[in-house]
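A.B. asks: Residue numbers (our numbering): 1305 to 1720. Each residue gets a CB set at the ideal place from its N, CA and C atoms; glycine is no exception. Structure provided below as structure tokens; questions to follow.
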Amino acid sequence: MYLDLNPQLTPTQTALKEETHRFAAEIARPASVELDKLADPQDVVKPGSVFWDVWRKHYELERHLAGMPEEFGGANLTGLDMHIVAEEMGWGATDFAVGLGACGMPFSMGLLASQMTGNQRLMDEIVMPYIKDREAKYIGCWAITEPQHGSDTAAANMPEYLNNPAISLDTHGRRDGDDWIINGAKAAWVSNGTIATHAMVHFAVDRSQGPVSTAIGLVPLDLPGVSKGKPLNKIGQRALNQGEIFFDNVRIPDYYVFVPPELYPLAGDMILATANGGMGSTFTGLARAAYEEAMTYCKQRVQGGKLLCEHQLVQRKLFDMFIKVESARQVSRAVVTYNALAMPPVSRYGVASKVYCTQVAFEVASDAVQLFGGMGLSKECLVEKLFRDARAALIEDGANDTLALAATRSLIDNFL
Ligand SMILES: Cc1cc2nc3c(=O)[nH]c(=O)nc-3n(C[C@H](O)[C@H](O)[C@H](O)COP(=O)(O)OP(=O)(O)OC[C@H]3O[C@@H](n4cnc5c(N)ncnc54)[C@H](O)[C@@H]3O)c2cc1C
């Protein structure tokens, strides 16, 4: 039994953990392993793929509402609850965990903004259909990265980046009466990019209409002028669909632009804090999965006349892996718990969790491959997949080096 240093879970939290673990172990992980074998990412999302079985089950069980308030069918999860869900999902399949997690972002952000401003039309037209969905018909994505702007956006809260004309987003919006006209392209890295029905699009306000600034709009992707690229072919996280989205004079009403320029610095920082905190929790789960695989193997495999786990150098390695998994859990859990109550959530903590836990996941998965010996390189072994999935995480949601630079700027500025 894996030791968890925070065992004081309420009966409700224990049930949440067990229920999420069942979904991760019986539905998400087998599908992720099966899809990982597909050479063409287009096949991952084709009709009839097991990919859709996971998505539909997620909605059918109302797991897509988990982050929503209770009055909208949500589970009113605390920070610790959210950590439990993310860690278990990451243990099972980080690709599904990230795709299903990113899916809800436009709708939960839209809900938050609507509640704050009384934007009922945004609620009725976009948020409520998602809340009522039980078949995965409404799928969201977070479209910030562009072909020419990756780290620029992840570091957007650094003073030298914020509102810097030299690096402002290429995707831009122009006001036209009560509408906005959006033009530009988002990168092939957007999670759920080719399957999404709605995108939360970060865009620069057209330079002809004032000083350099950024806003966020909700764009239904069936509008005239929207087109998409092919699913991205990449290393790891096969069941995370990704792809480009193009906007050619796409017209959206003003009330879909739920983060106006004056609120962008705050909203951008909140999104970074929350998304990075979720990444830290999710990849703690991957690290734990790799540790468990390694321990199980070392208790079975005999070399030099005794089990691997009886060799002292192996014991030392297992202990180091254990320390890393436990410390990743402590960091990511503390950050999510803190940020769930902080208003606004603190992005440097979210970044600390993401940078630390994804690095731990990568190191523990690499050690697990090493302990499996040649078997660790075999496609038959889960650790081979975990290693590739963990590698992508060092870039996903912001390259770790760039995120660290942005967070350090915040540390320096806030040190009194
Ligand atoms: C699996 C996955 C999922 C993703 N999901 C999404 C998503 O849902 N939505 C979305 O919009 N994007 C998503 N992304 C994109 C991701 O956020 C970007 O890939 C990331 O921000 C890095 O941008 P880039 O790839 O353009 O690299 P670049 O920005 O070109 O960086 C290249 C290298 O240069 C380094 N570098 C850049 N600037 C500096 C600097 N100032 N100082 C020092 N080093 C620097 C970086 O650290 C990096 O190592 C995803 C990416 C991956 C891999």
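1) Counting C-beta neighbours from all protein chains within 10 Å, is the total for E1322 16 or more, i.e. buried, or is it exposed?
2) So, for L1525: in the same chain, excluding its five sequence neighbours on each side, which residues have a beta-carbon less than 8 Å away from its beta-carbon?
3) Check whether the Cβ atoms of D1693 and G1540 sit closer than 9 Å, and answer yes or no.
4) In whole angstroms, what separates the C-alpha of E1750 from that of F1587?
5) For I1388, which residues of its own chain have a beta-carbon under 8 Å away from its beta-carbon, when the five flanking residues on both sides are left out?
6) What are the boundary residues of the alpha helix (DSSP H) that includes D1480?
7) Pull up the CB-CB distance for V1516 and P1569, whole angstroms please, since I reckon it's below 8 Å.
8) Does ligand 1 have a heavy atom nearer than 8 Å to the CB of N1718?
9) Any idea what DSSP makes of I1575, helix, strand or coil?
10) Determine whether the beta carbon atoms of G1371 and G1408 lie at a separation below 9 Å.
11) Take the Cβ of Q1604 as the centre, count every other Cβ of all protein chains shown within 10 Å, and call the residue buried at 16 or more, exposed below.
12) Alpha carbon to alpha carbon, how far is E1630 from K1658?
13) Do you know offhand how far F1719's Cα is from P1351's?
14) From the DSSP output, read off the bridge partner residues of A1519.
15) Please name the residue in P1410, I1443, Q1419 whose C-alpha comes closest to that of W1359.
16) Flag A1458 as yes when its Cβ comes closer than 8 Å to any non-hydrogen atom of ligand 1, and as no otherwise.
17) Between the alpha carbons of L1690 and N1487, how many angstroms are there, rounded?
18) In angstroms with no decimal places, state the Cα-to-Cα distance between L1645 and G1678.
19) Assuming G1581 and N1643 form a contact by the criterion Cβ under 8 Å, report the distance between their Cβ atoms to the nearest whole angstrom.
20) Could you give the DSSP three-state label for K1658: helix, strand or coil?
21) Would you grab the beta carbon distance between R1633 and S1714 for me? Rounded to a whole angstrom, and I think it's under 8 Å.
22) Let's see if you can read the secondary structure: which residues bound the alpha helix (DSSP H) around F1623?
23) May I have the straight-line CA-CA distance separating T1382 from A1591, to the nearest angstrom?
24) Just the C-alpha distance for V1431 and A1489, rounded to the nearest angstrom, thanks.
25) Is it buried or exposed, M1647, if we count other Cβ atoms within 10 angstroms and call 16 or more buried?
26) Write down every uninterrupted run of the alpha helix (DSSP H) in the region 1349–1404 whose length is 4 residues or greater and which is fully enclosed by it, in chain order.
27) Please find out if some non-hydrogen atom of ligand 1 comes closer than 8 Å to the beta-carbon of N1722.
28) Indicate the three-state DSSP secondary structure (helix, strand or coil) for P1524 in the structure shown.
29) Looking at the secondary structure, which residues open and close the alpha helix (DSSP H) in which D1734 lies?
30) Once DSSP output is grouped into helix, strand and coil, what is the label at V1561?
31) Output the distance between the C-alpha atoms of W1484 and L1369, rounded to the nearest integer angstrom.
32) Below 8 Å, is the gap between the Cβ of W1493 and the nearest heavy atom of ligand 1?
C.D. replies: So, to answer that:
1) Locating residue 1322 in the sequence shown gives position 18, counting from the first residue. Exposed: under 16 other Cβ atoms inside 10 Å.
2) The sequence position of residue 1525 within the sequence shown is 221, counting from 1. Closer than 8 Å at Cβ, skipping near neighbours: A1500, T1501, H1502, A1503, K1532, I1549.
3) Within the sequence shown, residue 1693 is the residue found at index 389, counting from 1. Within the sequence shown, residue 1540 is the residue found at index 236, counting from 1. In this structure, G1540 lies closer than 9 Å to D1693 by Cβ.
4) With the chain represented from 1305 up to 1720, any question about residue 1750 goes unanswered, as that position is not in the structure.
5) Position 84 of the sequence shown holds residue 1388. Excluding positions up to five away in sequence, the list reads L1313, Q1317, L1320, K1321, T1324.
6) Taking the first residue of the sequence shown as 1, we reach residue 1480 at position 176. Premise fails: D1480 lies in the beta strand (DSSP E), 1476–1480, not in any alpha helix (DSSP H).
7) As a first step, residue 1516 is located in the sequence shown; it is residue number 212 there, counting from the start. As a first step, residue 1569 is located in the sequence shown; it is residue number 265 there, counting from the start. No, V1516 and P1569 are not in contact; Cβ-Cβ is about 12 Å, not under 8 Å.
8) Locating residue 1718 in the sequence shown gives position 414, counting from the first residue. Every heavy atom of ligand 1 is 8 Å or more from the Cβ of N1718, so no.
9) Here residue 1575 corresponds to residue number 271 of the sequence shown, with the count starting at 1. Looking at I1575 - three-state DSSP - the assignment turns out to be helix.
10) Position 67 of the sequence shown, counted from the first residue, corresponds to residue 1371. Position 104 of the sequence shown, counted from the first residue, corresponds to residue 1408. Yes. Within cutoff.
11) The residue you call residue 1604 lines up with position 300 of the sequence shown. When all chains shown are included, Q1604 counts as exposed.
12) Position 326 of the sequence shown, counted from the first residue, corresponds to residue 1630. Position 354 of the sequence shown, counted from the first residue, corresponds to residue 1658. One C-alpha to the other measures close to 15 Å.
13) Here the question's residue 1719 lines up with position 415 in the sequence shown. Here the question's residue 1351 lines up with position 47 in the sequence shown. The straight-line gap from Cα to Cα measures roughly 53 Å.
14) As a position in the sequence shown, residue 1519 is number 215, starting the count at 1. BP columns for A1519 point to F1507.
15) The residue labelled residue 1359 in the question sits at position 55 within the sequence shown. With distances taken between Cα atoms, W1359 lies closest to I1443.
16) The residue you call residue 1458 lines up with position 154 of the sequence shown. Relative to ligand 1, the beta carbon of A1458 is positioned inside 8 Å of a heavy atom.
17) As a working mapping, residue 1690 is identified with position 386 in the sequence shown. As a working mapping, residue 1487 is identified with position 183 in the sequence shown. Approximately 38 Å between the Cα atoms of the pair.
18) By one-based count along the sequence shown, residue 1645 stands at place 341. By one-based count along the sequence shown, residue 1678 stands at place 374. The alpha-carbon atoms of L1645 and G1678 are separated by roughly 46 Å.
19) Looking up residue 1581 in the sequence shown gives position 277. Looking up residue 1643 in the sequence shown gives position 339. Confirmed, about 5 Å.
20) On the sequence shown, residue 1658 is found 354 positions in, with the first residue counted as 1. Note: K1658 maps to helix in three-state DSSP.
21) On the sequence shown, residue 1633 is found 329 positions in, with the first residue counted as 1. On the sequence shown, residue 1714 is found 410 positions in, with the first residue counted as 1. No, R1633 and S1714 are not in contact; Cβ-Cβ is about 24 Å, not under 8 Å.
22) Locating residue 1623 in the sequence shown gives position 319, counting from the first residue. Run containing F1623: 1616–1645, per the alpha helix (DSSP H) assignment.
23) Taking the first residue of the sequence shown as position 1, residue 1382 is located at position 78. Taking the first residue of the sequence shown as position 1, residue 1591 is located at position 287. Each residue's Cα considered, the two are about 23 Å apart.
24) Within the sequence shown, the letter at position 127 stands for residue 1431. Within the sequence shown, the letter at position 185 stands for residue 1489. V1431 and A1489: Cα-Cα distance of roughly 24 Å.
25) For the purposes of this step, residue 1647 is taken as residue 343 along the sequence shown, with counting starting at 1. Its Cβ having fewer than 16 others within 10 Å, M1647 is exposed.
26) 1354–1364, 1383–1396
27) Absent from the model: residue 1722. The displayed extent of the chain is 1305 to 1720, so no value can be given.
28) Residue numbering aside, residue 1524 sits at position 220 when the sequence shown is read from its first letter. P1524 falls in the strand class under three-state DSSP.
29) Only positions 1305 to 1720 of the chain appear in the structure, and residue 1734 is not among them; the question remains open.
30) Working through the sequence shown from its first residue, we reach residue 1561 at position 257. Three-state DSSP puts V1561 in coil, outside helix and strand.
31) Here the question's residue 1484 lines up with position 180 in the sequence shown. Here the question's residue 1369 lines up with position 65 in the sequence shown. Computed Cα separation, rounded: 29 Å.
32) Reading the sequence shown from its first residue, position 189 is the one you call residue 1493. Yes, the beta carbon of W1493 sits closer than 8 Å to at least one heavy atom of ligand 1.
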